[in-house]
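Quick notes on the structure that follows.
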Amino acid sequence: IPAGATVELKPKSLHIMFMQVPKQPHIDTMFKGTLTFEKAGKVDVDYEVVDANATMDH
413 IPAGATVELK
423 PKSLHIMFMQ
433 VPKQPHIDTM
443 FKGTLTFEKA
453 GKVDVDYEVV
463 DANATMDH
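For the sequence shown, my numbering gives the first residue as 413, with consecutive numbering after it.
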């Protein structure tokens with residue numbers, strides 16, 4: 413991601429998918445995580461759990 417740029421993560425586009433998580437998250441809940449960037453370092457993020465099969469309205 414270039415300096416100063418913004419990237420929007422969303423289903424069926426750029427997104428993050430977690431595989432083999434130790435505890436299954438429930439749809440419509442939030443959990444905390446950390447993204448690690450080469451130059452910016454660690455950034456705390458709140459993640460929303462959504463149904464991957466649901467139709468998005470945006």
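Even for Gly, the Cβ is constructed at its ideal location relative to N, Cα and C.
- For Gly-445, the enclosing beta strand (DSSP E) starts and ends at 442-449.
- Here DSSP, grouped into helix, strand and coil, assigns Asp-456 to strand.
- Pro-423 sits close to Ala-464, with the two beta carbons spaced by under 8 Å.
- Between the alpha carbons of Val-433 and Gly-416 lies a gap of roughly 32 Å.
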